[in-house]
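One structure is given here, and the rest of the page talks about it.
Protein chains: 2
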Amino acid sequence: MDTVNQNSTFEEKLAGFEACCRKHGLKLTPQRIAIYKTLISTDSHPTADEVYQMVRTEISNISLDTVNRTLLTLTEIGAAFQVEGTGQPRRFDGGLEDHQHFLCIKCGKVIDFQHDALGDIHIPDEVQGQFKILRKTVYLEGFCSVCAEKEL
Amino acid sequence: MDTVNQNSTFEEKLAGFEACCRKHGLKLTPQRIAIYKTLISTDSHPTADEVYQMVRTEISNISLDTVNRTLLTLTEIGAAFQVEGTGQPRRFDGGLEDHQHFLCIKCGKVIDFQHDALGDIHIPDEVQGQFKILRKTVYLEGFCSVCAEKEL
DNA sequence: ATACTAAATAGGATTTACTACTATTTGTCA
DNA sequence: TGACAAATAGTAGTAAATCCTATTTAGTAT
Ligand SMILES: [Mn+2]
Ligand SMILES: [Mn+2]
Ligand SMILES: [Zn+2]
Ligand SMILES: [Zn+2]
């Protein structure tokens, strides 16, 4: 989805989404629209199951599989994204030296990189005040060099 | 674990780990030591199952549950940490406006915050060259205000 | 050295979240 | 309004973690 949808109203986002679907040759199904509406109506970063429970109030016999598939579709066309954070399978790191991580969204590999300036990011007081911060890092996502080549 | 273990040899890390276990009143079991050794011998950010497969060559009848439990223990005492990135359950976000995320490691909530300077982090060319970067963000972990209060 | 006990473990059952499969339905376009 | 690829519902299968219980063991006290 284009950046056109940032800072826009609900109706504008919805219109932008429908245009985005057409651009990608995706059908405008009631399920797809309901899932998108649900997602932009919350700031709780819901799981697929949470979206499923919410959207079921509107389309009672929608399947969980459709919700899962549709959320991945929204991610692919850029109408949504997956939130970074720990999940399953968890990945562990015994390297306590200062370093940062890159996640390849294709092969799933987590690759270390290091740049001192990124370890020294300053978190403003207004943010510090909201949380007890135990870890901060700069996190990158994209294609690793191996996967980037296959993409062409 | 104290920062004393950064930039140290394998033997030093191991000694530091044993001291760390004692400090926390944890028994020095062969399983625990083997799992720690396995973890600091790789930079592949392994899953519990991957650690299980590796450590089984040393302790053939170790259980997957022990590996899972032990990796969480290592995380608790600071001898390791969980790598950020997407996982299961996935969490989705339809808010494309520039913002950052904080993950509460206790209640699992992902909370939005926003600071322009953090959206403008510069990734040095040497890092840009290694990957095709599609998303970059500053990621924070810790306790949210609700959970921080309960911790006291 | 030996006995004791809380901590840790092994092995298996259960749960959660996702993924695969197939028959049926539907949005789009001619 | 018919054709048809795309999408969906419903269900089965799989992966990863967690729970449970009987057994073993590391650390400590005798
Ligand atoms: Mn790492
Ligand atoms: Mn967000
Ligand atoms: Zn890759
Ligand atoms: Zn919390």
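Residue numbers (my numbering), protein chains in the order written: chain A, 1 to 152; chain B, 153 to 304. We treat Cβ as the ideally placed atom computed from N, Cα and C, and that holds for glycine.
- Proximity of chain A to residue 282(B) at the Cβ level (cut-off 7 Å) is accounted for by 113, 145, in chain order.
- Take the alpha-carbon of residue 72(A) and the one of residue 80(A): they are about 9 Å apart.
- Nearest neighbour of residue 303(B) by Cα position, chosen from 258(B), 293(B), 209(B), turns out to be 258(B).
- Here the alpha carbons of residue 252(B) and residue 289(B) stand approximately 6 Å from one another.
- If you check each beta-carbon in the region 231 to 255 of chain B against every beta-carbon of chain A, the ones closer than 9 Å belong to 231, 232, 233, 234, 235, 236, 237, 238, 239, 240, 241, 242, 243, 244, 245, 246, 247, 248, 249, 250, 252, 253, 254, 255.
- The Cβ atoms of residue 77(A) and residue 55(A) do not sit closer than 7 Å to each other.
- Remark: the C-beta of residue 261(B) is in contact range of ligand 4, defined as less than 6 Å to any heavy atom.
- Residue burial annotation: residue 141(A) is buried, with at least 16 other C-beta atoms found within 10 angstroms of its C-beta.
- Remark: the C-beta of residue 258(B) is in contact range of ligand 4, defined as less than 6 Å to any heavy atom.
- In this model, residue 163(B) and residue 169(B) are separated by some 10 Å (Cα to Cα).
- Taking residue 49(A) as reference, the option from 66(A), 43(A), 40(A) with the minimal CA-CA separation is 66(A).
- Using a Cβ-Cβ cut-off of 7 Å, residue 148(A) counts as an interface residue toward chain B, since at least one Cβ of chain B sits closer than that to its own.
- Around the Cβ of residue 129(A), a 10 Å sphere holds fewer than 16 other Cβ atoms; the residue is exposed.
- Take the alpha-carbon of residue 37(A) and the one of residue 14(A): they are about 7 Å apart.
- Listed along chain A are 89, 90, 92, each with a C-beta nearer than 8 Å to that of residue 200(B).
- In the DSSP assignment, residue 162(B) forms no beta bridge with any residue.
- Excluding sequence positions up to five before and after residue 226(B), its CB lies within less than 6 Å of the CB of 232, all in the same chain and listed in chain order.
- For residue 28(A), none of the residues of chain B pass the 9 Å Cβ criterion, the least Cβ distance being about 17 Å.
- Rounded to whole angstroms, the gap between the alpha carbons of residue 238(B) and residue 213(B) is 31 Å.
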